[in-house]
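Numbering (my numbering), first residue to last: 11 to 80.
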């Protein structure tokens, strides 16, 4: 069994993850940083959530926030 909290490497970049309720959860901010090459991925994710909410999609209904200590 892998560690309960561990880094996974994707295309040379670290993505934080956590084992919770028998599933792996990955850091959305880390994925946004890699996929968008944003210098401020937290801000990018925040702006995207606002845009989605304005379009009628509630991101928090689908996304669980867990504390990632790595």
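Think of the CB as a built atom: it goes at the ideal place given N, C-alpha and C, for glycine as much as any other residue.
From the DSSP secondary-structure annotation, give me the bridge partner or partners of residue 1.
Shown here, the chain extends from 11 to 80; a query on residue 1 therefore has no answer.
With DSSP run on the structure shown, which of helix, strand or coil describes residue 42?
Reduced to three states, the DSSP call for residue 42 is helix.
Between the Cα of residue 77 and those of 49, 37 and 62, spot the shortest distance and give me the residue it belongs to.
37
9 angstroms Cβ cutoff met for residue 40 and residue 57
no
Buried versus exposed, by CB contacts within 10 Å (16 or more), residue 27:
buried
Look at residue 35 and residue 46 and say whether their C-beta atoms are less than 9 angstroms apart.
A distance of 9 angstroms or more separates the beta carbons of residue 35 and residue 46.
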